[in-house]
Ligand SMILES: [Zn+2]
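Numbering (our numbering), first residue to last: 1 to 321.
Right, here's the structure in full:
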């Protein structure tokens with residue numbers, strides 16, 4: 001019988017575990033949303049229990065698996081399988097998650113950053129199929145990324161390569177990133193910046209068609225609300241979306257100059273802003289790259305769907321295939 005894969009996607013809000021064929025088709029999956037309340041050991045037990053539950057439910061044995069791939073939010077030391085730190089889950093200081101899971105299984109267990117895993121999934125089964133090099137950027141509350149060079153993930157010395165969200169784009173900005181620096185790309189361009197950007201427009205005297213009440217809690221401004229604004233032609237929402245697109249376009253231009261990839265794939269919640277957003281990203285990039293771009297670079301949107309995280313994680317055991 002053909003072997004299958006198991007993927008585990010550990011995010012800030014949900015824990016997904018899935019069985020998948022080697023051609024990228026999900027066989028079965030389970031999703032929990034209570035993992036963030038658990039200790040490191042509690043989460044480890046939850047992951048193990050979900051893997052065993054899925055195997056039993058689908059009449060598979062451990063020996064039917066090629067391996068278990070885990071994509072986890074946060075900074076991951078790939079070669080040791082250690083979570084260095086996760087800003088949106090408590091605890092997790094240098095926790096050896098890979099070995100903790102491995103202790104219950106004989107097949108290989110691989111732990112990597114979730115953006116790396118998503119990049120690999122996109123490369124094998126999504127918009128990256130057929131390419132040699134690819135940069136994947138996920139744009140939501142923050143910005144994560146994965147680098148594929150010569151069909152392999154490029155992880156760097158520690159395993160934290162591709163943290164483009166922390167490249168500094170506005171050093172004099174008053175927007176402080178989760179890393180503590182000012183003006184990181186993700187601090188000025190994505191979900192975490194939206195409350196500040198909206199308030200700034202209000203202070204400048206701009207009028208929003210969203211008609212938020214005077215006591216509105218601006219920390220609730222997010223991509224979904226600005227999408228509503230875009231849909232009703234709200235000038236404030238549109239300005240912020242264009243500003244974000246411009247910053248992301250500059251970020252992609254910097255990536256182009258550093259790595260010269262043939263493909264950039266964009267995913268994440270803010271892509272729900274659609275062609276209005278994507279158009280600004282592309283326009284900014286092509287204006288900056290001009291005739292320095294000799295061979296064309298494609299900027300595409302992820303087409304792997306809502307299971308991208310767990311599909312990417314399940315791809316980790318076949319990265320070198
Ligand atoms: Zn940063």
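Ideal placement from N, C-alpha and C gives every residue a C-beta, glycine not left out.
Helix or strand or just coil, what does DSSP make of residue 246? Indexing the chain shown from 1 puts residue 246 at position 246. Reduced to three states, the DSSP call for residue 246 is helix.
Per DSSP, residue 45 is paired with what? Reading the chain shown from its first residue, position 45 is the one you call residue 45. DSSP output for residue 45 lists no bridge partner at all.
Sub-8 Å separation of residue 85 and residue 11 beta-carbons: Taking the first residue of the chain shown as 1, we reach residue 85 at position 85. Taking the first residue of the chain shown as 1, we reach residue 11 at position 11. In this structure, the beta-carbon distance from residue 85 to residue 11 does not fall below 8 Å.
Cα-Cα separation, residue 301 to residue 234: Along the chain shown, one-based indexing puts residue 301 at 301. Along the chain shown, one-based indexing puts residue 234 at 234. Cα to Cα, residue 301 sits roughly 25 Å from residue 234.
What residue ranges within the segment 196-225 form continuous alpha helix (DSSP H) runs of no fewer than 4 residues, ordered along the chain? Runs found: none.
In this structure, what does DSSP give as the bridge partners for residue 15? For the purposes of this step, residue 15 is identified with residue 15 of the chain shown, where counting begins at 1. Per the DSSP secondary-structure output, residue 15 pairs in a beta bridge with 10, 32.
With a cut-off of 8 Å, do at least 3 Cβ pairs link the segment 262-272 to the segment 138-152? Yes, the segment 262-272 touches the segment 138-152.
Comparing the CB of residue 186 with every heavy atom of ligand 1, is any distance shorter than 7 Å? Working through the chain shown from its first residue, we reach residue 186 at position 186. Shortest gap from the CB of residue 186 to any heavy atom of ligand 1: under 7 Å.
Is any non-hydrogen atom of ligand 1 found closer than 7 Å to the C-beta of residue 50, if you look at the structure I gave you? Counted from its first residue, the chain shown places residue 50 at position 50. No, the Cβ of residue 50 stays beyond 7 Å of every heavy atom of ligand 1.
For residue 173, which residues in the same chain have their Cβ closer than 8 Å to its Cβ, ignoring the five residues on either side in sequence? Here residue 173 refers to the residue found at position 173 when the chain shown is read from its first residue. The answer, listed in chain order, is 182, 183, 187, 188.
Say whether the segment 283-291 touches the segment 242-259, bearing in mind that this needs 3 or more beta-carbon pairs closer than 8 Å, one atom from each stretch. With the cut-off at 8 Å, the segment 283-291 and the segment 242-259 touch.
What do you reckon, are the CB atoms on residue 308 and residue 122 nearer than 8 Å? Start at 1 with the first residue of the chain shown, and residue 308 comes out as number 308. Start at 1 with the first residue of the chain shown, and residue 122 comes out as number 122. With respect to residue 122, residue 308 sits close: the two C-beta atoms are nearer than 8 Å.
Might you give, ordered along the chain, the residues of its own chain that have their beta carbon closer than 7 Å to the beta carbon of residue 222, omitting 5 neighbours on each side? Along the chain shown, one-based indexing puts residue 222 at 222. These residues qualify, in order along the chain: 191, 194.
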